[in-house]
Each structure stands twice: as structure tokens, then as C-alpha cells.
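The structure appears below as C-alpha cells.
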Amino acid sequence: MSAASSPFPSTVVTGGTIGSIVIGCKLQVLHGNPPEYRKAEILSIRPTPTPEDATRSEYYVHYSDYNKRLDEWVVPERLNLLGEIEYPKLKKPKTVLAGIGKETGKGSEPGTPSAANGGRVAKNNRKSNLSKAATAGKAGDTASPAPGTPGTPGGATPSVAGNKRKASAMDEGGSQEKDGQVPAIKVNGEDEDEDDDGQGGDETPGQDENGAGEYSKEREIEKLRTSGSMTQDPHEVARVKNLNLIQIGKHEVETWYFSPYPVEYAHLPIIYICEFCLSYFPAVKQLSRHRTKCSLQHPPGNEIYRKDDISFFEIDGRKQKVYCRNLCLLSKLFLDHKALYYDVDPFLFYVMTVRDEDGAHLIGYFSKEKESSEQYNVACILTLPQYQRMGYGRLLIAFSYELSKVEKRLGSPEKPLSDLGLLSYRAFWSEAIVSLLLEQHKTGVELSIDDIASRTAFQPTDVLHTLQTLNALKYYHGQYVIVLSETVIKNAERAMKKSRREIDPRALVWKPIHFTATQLRFL
Numbered sequence: 001m002s003a004a005s006s007p008f009p010s011t012v013v014t015g016g017t018i019g020s021i022v023i024g025c026k027l028q029v030l031h032g033n034p035p036e037y038r039k040a041e042i043l044s045i046r047p048t049p050t051p052e053d054a055t056r057s058e059y060y061v062h063y064s065d066y067n068k069r070l071d072e073w074v075v076p077e078r079l080n081l082l083g084e085i086e087y088p089k090l091k092k093p094k095t096v097l098a099g100i101g102k103e104t105g106k107g108s109e110p111g112t113p114s115a116a117n118g119g120r121v122a123k124n125n126r127k128s129n130l131s132k133a134a135t136a137g138k139a140g141d142t143a144s145p146a147p148g149t150p151g152t153p154g155g156a157t158p159s160v161a162g163n164k165r166k167a168s169a170m171d172e173g174g175s176q177e178k179d180g181q182v183p184a185i186k187v188n189g190e191d192e193d194e195d196d197d198g199q200g201g202d203e204t205p206g207q208d209e210n211g212a213g214e215y216s217k218e219r220e221i222e223k224l225r226t227s228g229s230m231t232q233d234p235h236e237v238a239r240v241k242n243l244n245l246i247q248i249g250k251h252e253v254e255t256w257y258f259s260p261y262p263v264e265y266a267h268l269p270i271i272y273i274c275e276f277c278l279s280y281f282p283a284v285k286q287l288s289r290h291r292t293k294c295s296l297q298h299p300p301g302n303e304i305y306r307k308d309d310i311s312f313f314e315i316d317g318r319k320q321k322v323y324c325r326n327l328c329l330l331s332k333l334f335l336d337h338k339a340l341y342y343d344v345d346p347f348l349f350y351v352m353t354v355r356d357e358d359g360a361h362l363i364g365y366f367s368k369e370k371e372s373s374e375q376y377n378v379a380c381i382l383t384l385p386q387y388q389r390m391g392y393g394r395l396l397i398a399f400s401y402e403l404s405k406v407e408k409r410l411g412s413p414e415k416p417l418s419d420l421g422l423l424s425y426r427a428f429w430s431e432a433i434v435s436l437l438l439e440q441h442k443t444g445v446e447l448s449i450d451d452i453a454s455r456t457a458f459q460p461t462d463v464l465h466t467l468q469t470l471n472a473l474k475y476y477h478g479q480y481v482i483v484l485s486e487t488v489i490k491n492a493e494r495a496m497k498k499s500r501r502e503i504d505p506r507a508l509v510w511k512p513i514h515f516t517a518t519q520l521r522f523l
């Protein structure tokens, strides 16, 4: 397509008007404190008319080379219309040439019958289509509609066709879904509550000399800033954050990502969430009226752990569908790679709370499959933003492994982990493994990778990955040995001196639940 036929004079121009800005444009946008111009892409435009300007609009932007959670709606005054503006390239329309080519049908579209046998193939195709339609109709007569989210105001949450729980193929930090489905939440381990002084400290040694790569904290942080959670969802609607602010309990929290709440809530300045049952409301008056009727003061499950002011509740997704679905909707606001199909039956949810005179307040949670063929002990993990950087994420991970020890199984979070999730787990694995090695070194006992796995309930692959990250595997006299560097030991000793909450196995009152084949039929 020539420049003359394009609605834009060229792909990149200097200077423009607010009326020429369209979805896909890239330009400088004022951001930050102190404010500075950063290159950003326009993802969406919505009208926000005012008495002074009936044509006024807001622009949803994604800042290039920055985390997706920084995406936001901006007013026209923040757009730099005097600098360079890069317009989206128009795609050339595909031209289909029929009847050109030899008997092989090279000139035809795939699946298009050639002129020689077009009548016969078309007839067969009609029969095939009728057969498929009859089969689909028969199946549709017996199929039940996918459930929404009952018990919440403003209409039911959109449901997703089918009971498929996970995306069949996952890119790193992204998911693939069928067209027409609600943007999915990937059930995947992710926790963004990492400690500043996690194992490795200021310097995390790389792999051994034969390793594929080298690790460092600086490189990890830079990778998270520029690539963590930045993969765009293939659905355009999921690229735009639909909620800006939520109030849950005493906290007002800025959201990070899209979550499939009802469309009626999409552009409200704030939505109000009951911190005990997780129902959501468009107005504070409705929440107040709900609180006079809501009798919950803790999650609707069995309390299996209590130590000081920390409690854990076990919730069956099949028995408490409304609560678990609301929990998934809430967590999707802060997890970009989570697959939600409103099918919570196959999962157990372990919710961590902090107690005070008003009740047990939600801190975070993790979920796990009732039956996992890969021996995963965590499917999804989250600490709410208002409780991050307080060590609660580490506590959630530790509790998941404590359950694995009671089950006498080796556990591991569901793969692939997000970048932030990998950092959190790597810090936990490193601290636990190094502490165990230092403790056993005092007694003169040598440990193999399998010994470490059996004592920590970590999968051997996770132990091996952590030792490679710490550059602790060395080849000596024809075999690999574990050698900790001085830097690793000093960082471990410094971490041990910090006052931290720990999981007390004696406070855990729990027996593994064994489900029958009938109970595992999630239809």
C-alpha cells in the first residue's frame, strides 16, 4: 500500500494533533515522579466528555520496556504531540487468486476445491457439515450451561464455554486460549513477596563453568523491570486494565491487571470488596448494607493452623464455589498469568489470614490440585499487595512444603513459574538448602541431592536447579561435590540473624484428604 492510499502521511511523523491519535500509536507520554517523558503505545481510547469539551477522551497506554502493571489511563495533556509519533502500519489485504495453478491446486486456498472436482467435493462437504451440525446439536441438548458467579451483585460473572481448566500451551509469562473465551487466568505459581535479603544477597553466583548461563541479582531485577509480566494477552480486551482501584477492608489498593469482573464494573473509579466473603459492590453504601447481613468473620473453611495471630484455612473448591471464584477474580487483578475458567472444583485453597478483634483478614493464599500427576504442591500463589514485603510470601511457600512433609511426598510449584515467582521460590530454596548443608557440615554428615530432597520435601530437580544457581556444584576427582562459597555462607548467616515468622509444625492440625474416583469427577 502506498503512502498516498494510507490515512497517515507516513509511519513516523514529527508533531500531530489529538484528533490524529489512534489505537496503536506510539509516542512520548509524561509519567513518573518527577515526571518525565517515556515512549508508550496507545492500547485503548475511551470518551470522557466534559461540559467544556464534549469530544474529550482518555488514552490507555503501555510504557515500552516497562512492566505491564504500570499501564494506565492518561489525559490528553500528558501526550507529547510535538515530538515523534509512530503510527501503526496498515496490513495489506490478502488477495486470493482462484483457478490459477496446476492440477495440484497451488493457486487455490487450502481446502478450496478445484474447478475440476468442485461439484463432488462441495457435495461431500455439505454432507460432512450437516453431519457435524447434527452431532453438535445432539451434544448441545444434553450440555448444561457454564455457571456464572452467583451471590454477587451487578449480574453474573461471564462464564467460559467448557470445563477446560488450563491453557494447552503456555509461553513464558503468557497463555494461549481459544478465540471467543473470556481472557483466562493461568493457574500458575506466582508470588511477588520476595525478601530484600534473600539467599544470595547482593551477589548471586552464576552456574558452574559448564553451565548454560550466569545469574546475578542485578540481571534478575533488570529482567523483571523490563520483561516480567509484560507479555500481552492475545485478547485485546485483556490488554486493558478494567479496574483501577479496589477497597478491601481498611486498604485501598491499586490494581495491576485485567480481571473478568462484570462489565458493569469496568469503568467505576473504585469497587468495594467484602474482606470476608469477597463479594464485590459498586458503592460503599451497598457494602455497608451487605456487612449487616454477612455473618462471616473468617474464610469459609476448616482452620488447620494457628500460631500467634496467623491462621490457615483449608477450603474445598467444590463445596465453596462462590468464595473460591471470588478469590480467583480478586487474585487475577494482581496475577497476569493465571487461567480462570470458573472451574474451581478440582482445587483445594489454603488461605492465610491475620487475626484481630474484627476477625481473620485475608493476607494471601495458594491453591493446589486435589490430584496432581506431576506431584505439584502449588498451582497458584499470591500475597495481596498491601501485605507484600513483610515475609508473608515466604510463609506461604513454607506452609505448602509443610503439607508435603505430612503427605510424605516431594512437592514443587506448578511450572512454568513466572519471573517473580521463580525469584521468590529460588530465594526460599536457597535459604533452606544452605541452612541444611551448614547444619549437617557441623556434624560431619555428607548429603546427596536425594538426601536434601527427602529432608526438605523439595523435588530433586528444584534442588539441582538451586545448587546450579548458587554455583555450588563442582567437579572433583571424577565426581560432583557440593561446595558453598564464602559469599553464600555469609549471606546465609546474615539471613539467619533476621527475626522472621516461621511455620511451627506442631501448630498444624491436618490430615491429607484422600478423594475417591467419584469425588474426582469434575463434571
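The opening position of the sequence shown corresponds to residue 1 in the numbering used here, with each subsequent residue numbered one higher. Glycine included, C-beta positions come from ideal geometry on N, C-alpha and C. Given the structure is predicted, the values throughout are model-derived calculations rather than measurements.
Using the beta-carbon count (16 or more within 10 Å), is valine 481 buried or exposed?
Counting of Cβ neighbours within 10 angstroms places valine 481 among the exposed residues, the total staying below 16.
Nearest-angstrom Cα distance between threonine 487 and leucine 420?
23 Å
Label isoleucine 513 either buried or exposed according to how many other C-beta atoms from any shown protein chain fall within 10 Å of its C-beta, with 16 as the threshold for buried.
exposed
DSSP bridge partner residues for alanine 40 (one or two, in chain order)
Leu27 and Tyr63
Just tell me which of Asn67, Lys68 and Thr55 has its CA closest to the CA of threonine 75.
Note on identity: in this sequence residue 75 is valine, with threonine being the wrong assignment. Among Asn67, Lys68 and Thr55, the Cα nearest to that of valine 75 is on Thr55.
Excluding the 5 residues preceding and the 5 following phenylalanine 349 in the sequence, name in chain order all residues of the same chain whose CB lies nearer than 7 Å to its CB.
If we look at phenylalanine 349 and ignore the five residues flanking it on each side, its Cβ neighbours are Ile315, Gly317, Cys324, Leu327, Tyr365 and Ser367.
Whole angstroms is fine: what's the gap from leucine 384's alpha carbon to threonine 14's?
43 Å
Just to check my reading of the structure: alanine 457 and glycine 411 have Cβ atoms closer than 8 Å, yes? What is that Cβ distance to the nearest angstrom?
6 Å
9 Å Cβ cutoff met for cysteine 274 and histidine 251
no
If tyrosine 392 sits next to methionine 352, beta carbons under 8 Å apart, how far is it from one beta carbon to the other, in whole angstroms?
7 Å
Based on DSSP bridge pairs, tell me the residues matched to aspartate 356.
According to DSSP, which records beta bridges pairwise, aspartate 356 is partnered with Gly359.
Nearest neighbour of proline 428, chosen from Gln375, Val463 and Arg409 [CA to CA]
It is worth fixing the name first, because residue 428 is phenylalanine in this sequence and not proline. Minimum Cα distance to phenylalanine 428 is reached at Val463.
Spatially closest choice to valine 240 from Gly24, Leu43, Gly19 and Arg500, by CA coordinates
Leu43
Exposure of valine 12, with buried meaning 16 or more beta-carbon neighbours within 10 Å:
exposed
Secondary structure, alpha helix (DSSP H): runs of 4+ residues fully inside the segment 372-456
Listed in chain order, they are 392-407, 419-443 and 449-456.
Exposed or buried, serine 485, counting other C-beta atoms within 10 Å across all chains shown (16 or more means buried)?
exposed
If leucine 382 and leucine 335 are in contact, beta carbons under 8 Å, what's the gap, nearest whole angstrom?
6 Å
Please confirm whether glycine 249 and histidine 298 have their CB atoms less than 9 Å apart.
For glycine 249 and histidine 298, no; Cβs fall outside 9 Å.
In three-state terms, what does DSSP make of glutamate 84?
Three-state DSSP puts glutamate 84 in a strand.
Going by other Cβ atoms of all chains shown within 10 Å of its Cβ, with 16 needed for buried, is histidine 477 buried or exposed?
exposed
Quick check: what's the CA-CA separation for isoleucine 363 versus phenylalanine 276?
11 Å
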